[in-house]
Every structure is written in C-alpha cells, then in structure tokens.
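Reading through the structure tokens given below for one structure.
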Amino acid sequence: MINKVGNLDITEGLDMDSDMVMDVVKELNRIIADDQILLDVPMKDYTSMRVGGNAKVLVLPSTVSEIAEIIKLLNNYIIPYYVIGNGTNLIFSDYGYNGVIIKLSDNFSSMTVDGNVITSRSGASIVSVSNLACENSLSGLEFAAGIPGTVGGAVVMNAGAYDGEMKDVVFETTCIDNAAGIVRLGCEDMQFGYRTSRMQKENLIVLEVKMRLREGNKDEIRSKMKELNRRRREKQPLNYPSSGSIFKRPAGHYAGKLIEDAGLKGYRIGGAQVSDKHCGFIINTGTATASDVIELIELVKRRVFETSGVILQQEVKILGG
Ligand SMILES: Cc1cc2nc3c(=O)[nH]c(=O)nc-3n(C[C@H](O)[C@H](O)[C@H](O)COP(=O)(O)OP(=O)(O)OC[C@H]3O[C@@H](n4cnc5c(N)ncnc54)[C@H](O)[C@@H]3O)c2cc1C
C-alpha cells in the first residue's frame with residue numbers, strides 16, 4: 251500500500267536492511283505471535299501467477315486491533331507496507347518487496363448471516379461467502395462463485411462477472427486508514443466504478459463488508475453457480491497459473507478479441523504466454539519469471555495499440571522493485 255506519513259511517500263521510505271528487519275520483527279512480536287510473522291517470503295507462493303521475488307516480511311494478523319497496531323508500528327519506522335488477500339490480481343516483480351506484506355485471508359475470515367444480510371471479514375474467500383449465501387437460500391452472489399479472491403480484494407476491485415458486480419450487493423464497509431483510524435463507508439461513499447472503488451483510490455484497508463441479498467430458491471441458486479463455473483472452465487485456462495484477465499475491458503471492445511486480432515494468440519516470452527484459450531489471460535506455462543510476464547504485458551499493449559489504436563489498461567497490479 252502506498253502510504254503517506256506527512257508529505258513523505260512511504261514507498262520512498264527506508265529500505266529494510268537486516269538490522270531494521272530484526273528490530274521490526276522484535277516489535278511485531280509484541281503484537282502478534284511468531285507463527286504470524288514470516289521472513290524472506292517468496293511472493294510466488296502467495297500469488298496466483300506463481301512468479302515474483304521475496305518480501306522481507308509477511309504478517310498474518312487475525313484481529314482488527316492487531317492490524318491497527320501493525321500499521322502504527324510501520325508508520326513509526328517509516329516502512330513501506332502493502333495489503334494482499336489471495337494474490338489473484340497481483341504480480342510481484344522478480345526483485346520482490348522491500349517492506350512488509352499484510353495478508354488478510356484465512357487468518358481474518360469469519361462470516362455471519364442475519365436475515366438477508368451477510369457480514370464478512372475481508373479475508374474470507376468470496377467463493378465461501380457465495381456458498382454461504384446459497385446454503386441460506388440467498389441470491390445475489392452467484393456471479394462470484396468462481397472468483398478466486400477474498401472479499402476485501404473483491405470489494406476494492408469491485409470484482410464482477412456475468413452481469414454481477416460487488417457494488418450490487420455491498421452496502422457498507424468498515425475500513426482502516428493509513429493513520430490506523432477506523433472509517434465506515436455507506437453505499438454513497440464507496441464510489442464503485444468498473445474495477446475500482448474509493449477504497450482502492452484512497453488506499454483504505456477493508457476490514458469488514460456487509461452484503462444485502464435477496465431471498466431465493468436454494469436449488470436455483472446452486473444450479474446458476476454451477477452453470478457459471480461450467481462456463482468459466484469452458485472459456486478460461488484454469489489449469490495454468492494466471493491472474494485472470496490482465497486488462498480491463500476497453501469501452502466498446504473486448505481485450506481478448508483485440509489481442510487475438512493483433513496476432514498474439516499463444517505468443518510467448520520465456521515461460522509467459524498469451525493463453526490460446528482466452529487471449530485476455532496471460533498464463534505461466536511453468537517456468538515464467540515476473541519479468542517474462544511484465545515484458546509480455548507491455549508487448550501486448552504496444553501491439554494492440556499499433557493494430558487497433560486502443561490503449562489497454564491493466565486490471566492486474568504490478569508491485570515491487
Ligand atoms: C482464474 C482467475 C479468474 C478471475 N476471475 C475474475 C472475475 O471473473 N472477475 C473479477 O473481477 N476478477 C477476477 N479475477 C481477479 C481477482 O480474483 C479479483 O480481482 C479478486 O477480487 C482479487 O482478490 P484478492 O483477494 O486475490 O486480491 P489481491 O490480488 O490480493 O489484491 C488485489 C488488490 O486488492 C487490494 N486488497 C486486497 N485485500 C484488501 C483489503 N482487505 N483491503 C484493502 N485492499 C485490499 C490489494 O492491495 C490489491 O491492490 C480472477 C483471477 C483469476 C486468477
């Protein structure tokens with residue numbers, strides 16, 4: 251997360267040398283247990299593209315107060331930090347990340363149902379929330395049944411598929427800001443747009459999400475989820491590591507079609523390949539580095555612009571250096 255301390259952009263803050271890592275770990279240990287602090291962590295193990303170098307530190311907080319204390323500590327030390335969920339829309343460079351990754355997923359994932367409202371911590375997988383909705387005969391989250399991210403990642407990205415988007419169901423989020431203050435946002439405050447939100451623009455960390463659903467028929471909900479997942483399996487290269495669609499859908503076009511028309515179906519750089527099943531996906535054929543993937547993304551943008559005049563914008567986020 252690009253963080254501000256006064257006028258200082260914390261990504262330009264201190265590099266974490268080994269003395270500083272040890273100091274910070276000692277302080278982190280006052281907030282969370284040993285097994286919630288990982289050192290020198292390969293980010294390829296925490297992202298679905300399975301590429302990228304190491305992060306100096308990765309923490310797994312499990313309560314709001316732990317998250318708040320960690321942010322205060324990192325601000326005091328002027329150390330860069332970045333929040334991740336399941337890493338399904340993220341690529342870390344081969345140089346890794348010289349700071350602290352705060353991972354909010356299984357460690358921060360409780361959910362409750364009250365009538366037609368589901369309240370979920372941000373680390374719950376959106377698939378499990380979608381299943382919980384189905385079990386309770388609640389309709390509205392069928393579209394999310396095959397999205398591999400967390401609720402936090404899905405809200406921040408306003409994830410969507412098959413005519414559904416998170417903005418259709420989310421009516422309140424509780425976030426924490428860069429100064430560790432709690433912020434509660436209602437519908438009108440969240441500024442959802444196509445794959446964007448106020449939380450994304452303002453680097454707010456999502457803690458909890460409330461979703462309002464409609465009463466429905468459990469069998470119909472389940473069969474819709476199954477059908478959407480069948481369509482996914484048919485169209486998407488799910489047997490390879492990827493970050494899903496690399497590019498946003500340009501107005502009036504489909505990214506995959508533009509890429510295919512540019513002659514790039516199956517095009518490879520190193521171990522990264524434009525999927526020949528769905529050209530909007532770049533897959534890791536097994537040996538890709540982050541540099542292969544990033545080079546291929548840049549080449550695709552260039553060629554598509556040359557052949558169609560359309561400027562592709564990335565949906566996936568690239569970090570580190
Ligand atoms: C096979 C495949 C299929 C996919 N299909 C779809 C699809 O149909 N529709 C779609 O929209 N996306 C799709 N995606 C992309 C991705 O799953 C979504 O964007 C998802 O919502 C990202 O969630 P995540 O937890 O993995 O986020 P991450 O990749 O970990 O993070 C993505 C962004 O969200 C931020 N973030 C994560 N958690 C939090 C939090 N708690 N608070 C604040 N910021 C946070 C991160 O800082 C980062 O900027 C697909 C990806 C794959 C690999």
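Going by this note's numbering, the sequence shown opens with residue 251, and the numbers climb by one from there.
Backbone N, C-alpha and C fix where the C-beta goes; we use that ideal spot for every residue, glycine too.
- Bridge pairing for Tyr-347: Ala-305 [DSSP].
- According to DSSP, residue pairing for Tyr-331 in a beta bridge involves Val-350.
- In this structure, the straight-line span from the alpha carbon of Ile-376 to that of Ala-501 is close to 27 Å.
- By the CB criterion at 9 Å, Leu-323 and Lys-353 fall outside the cutoff.
- When DSSP assignments are scanned along the stretch 262-304, the uninterrupted stretches of alpha helix (DSSP H) that are 4 or more residues long and fall wholly within it turn out to be 268-281.
- For Lys-476, the enclosing alpha helix (DSSP H) begins and ends at 468-485.
- Of the candidates Gly-346, Asn-357, Asn-304, the residue whose Cα lies closest to the Cα of Ile-317 is Asn-357.
- Between the alpha carbons of Ile-561 and Tyr-504 lies a gap of roughly 12 Å.
- In this chain, the beta strand (DSSP E) harbouring Lys-567 covers 567-569.
- DSSP places Met-440 in the coil class of the three-state scheme, outside both helix and strand.
- Taking C-beta atoms as the reference points, Ala-404 and Ala-394 count as a pair closer than 9 Å.
- In this structure, DSSP gives Lys-460 an extended state, which the three-state scheme calls strand.
- Going by C-alpha positions, Gly-570 is about 36 Å away from Met-475.
- Annotation for Met-361: the continuous beta strand (DSSP E) segment containing it runs 361-364.
- A direct Cα-to-Cα measurement between Asn-428 and Asp-511 gives close to 43 Å.
- Taking all protein chains shown into account, Leu-278 has 16 or more neighbouring C-beta atoms within 10 Å of its C-beta and is therefore buried.
- Just measuring C-alpha positions, the residue of Ala-411, Lys-468, Ala-283 sitting nearest Leu-388 is Lys-468.
- For Thr-535, the CB contacts under 6 Å within the same chain, skipping 5 residues up- and downstream, are Gly-521, Gln-523 in chain order.
- By the CB criterion at 9 Å, Ala-305 and Asp-290 fall inside the cutoff.
- Note that the C-beta distance between Gly-494 and Val-566 is below 9 Å.
- Collapsing the DSSP output to three states places Leu-508 in a helix.
- Residue pairing for Leu-340: DSSP places it in a beta bridge opposite Lys-567.
- By alpha-carbon distance to Thr-446, the top candidate from Gln-563, Ser-312, Ile-281, Ile-282 is Gln-563.
- For Ile-532 against Ser-492, the beta-carbon gap comes to about 6 Å, under 8 Å, which counts as contact.
- With respect to Tyr-444, Lys-498 sits close: the two C-beta atoms are nearer than 9 Å.
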